[in-house]
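Numbering (this note's numbering), first residue to last: 1 to 218.
Just so you know, even glycine gets a beta-carbon here, dropped at the ideal spot from N, CA and C.
Since this is a predicted model, take the numbers as computed values, not measurements.
Here's the structure we're looking at; comments come further down.
So this is what it looks like as structure tokens:
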């Protein structure tokens, strides 16, 4: 995650005001909590929307190489405890499609950063998008360089009648849910897909540089 991406998540969380109070953020794919921290610090600076951090924490061989184990759950809990975020973050250890009953009411911000396989991204969106309130935000991380995320988010932009105002911050694509978009919105959505493909490289390079530095420093 780049600094620009982290700040964008911070600002999105800071400006959330739920129609009935605190508001609700759902993060799909918390791993060991870097993006969760950005959301939580933004929440703390704003109206304190609660963050539901959903991840099965199964990990993969590459996580085992870096962390010494595949289970990322203890690392996330340690991150939350060190920053005293128990009042803001609700960690949920489940696959996202099995966690809908753990989150009550409408969602103000849905951040999708779980499995990057096309079918999984599409399933995350299909499962949770109906819960996002009109006017709420949706964001996809790694949407420029990960083919599954790029394809799923691109299809949504091209065909959805409930999406408008797309924007790109490095590799995060932000969308807003609307109660029916117009012809102008649909044209802008399709144009955004083309622009993202053409102009997304600098953000990817920042992400790659950031990842290289993190690996060197750990």
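Where residue i falls: helix, strand or coil (DSSP)
i           : result
residue 136 : strand
residue 167 : strand
residue 174 : strand
residue 213 : Unreliable placement is indicated for residue 213, whose pLDDT of 44 sits below 50; the coordinate value is still reported in the next sentence. Residue 213: helix per DSSP, three-state reduction.
residue 185 : helix
residue 148 : helix
residue 153 : helix
residue 200 : coil
residue 218 : The predicted model places residue 218 with a pLDDT of 29, which falls under 50 and marks its position as unreliable, so this point remains unresolved.
residue 206 : helix
residue 124 : helix
residue 162 : coil
residue 119 : helix
Nearest to residue i (by Cα), restricted to the options the options
i           : options               : result
residue 24  : 114, 107, 149 and 93  : 107
residue 110 : 15, 118, 77 and 137   : 137
residue 82  : 158, 71 and 40        : 40
residue 7   : 102, 168 and 191      : 168
residue 57  : 80, 86 and 92         : 92
residue 140 : 94, 146, 119 and 172  : 172
residue 166 : 128, 194, 118 and 122 : 194
residue 21  : 117, 149 and 47       : 47
residue 88  : 98, 94 and 77         : 77
Residue i burial status per 10 Å Cβ neighbour count (16 or more: buried)
i           : result
residue 3   : exposed
residue 49  : buried
residue 96  : buried
residue 126 : exposed
residue 197 : exposed
residue 31  : buried
residue 84  : exposed
residue 45  : exposed
residue 177 : buried
residue 207 : buried
residue 86  : exposed
residue 113 : buried
residue 219 : What the structure shows of the chain is the stretch from 1 to 218, and residue 219 is not part of that stretch, so it cannot be assessed.
residue 159 : exposed
residue 154 : buried
For residue j and residue i, believed in contact at Cβ under 8 Å, the rounded distance
i           : j           : result
residue 13  : residue 33  : Their Cβ separation, rounded to whole angstroms, is 14 Å, which puts residue 13 and residue 33 out of contact at 8 Å.
residue 28  : residue 54  : 5 Å
residue 36  : residue 51  : 7 Å
residue 157 : residue 192 : 6 Å
residue 189 : residue 162 : Going by Cβ atoms, the distance from residue 189 to residue 162 rounds to 11 Å, so no, they are not a contact pair.
residue 148 : residue 117 : 5 Å
residue 134 : residue 185 : Wrong, their Cβ atoms sit about 13 Å apart, outside the cutoff.
residue 164 : residue 121 : About 20 Å; that fails the 8 Å criterion.
Whole runs of the beta strand (DSSP E) within the region 47-116, excluding any shorter than 3 residues:
50-54, 89-92 and 107-112
Unbroken stretches of the alpha helix (DSSP H), 4 residues or longer, contained in the region 2-50:
3-14 and 34-45
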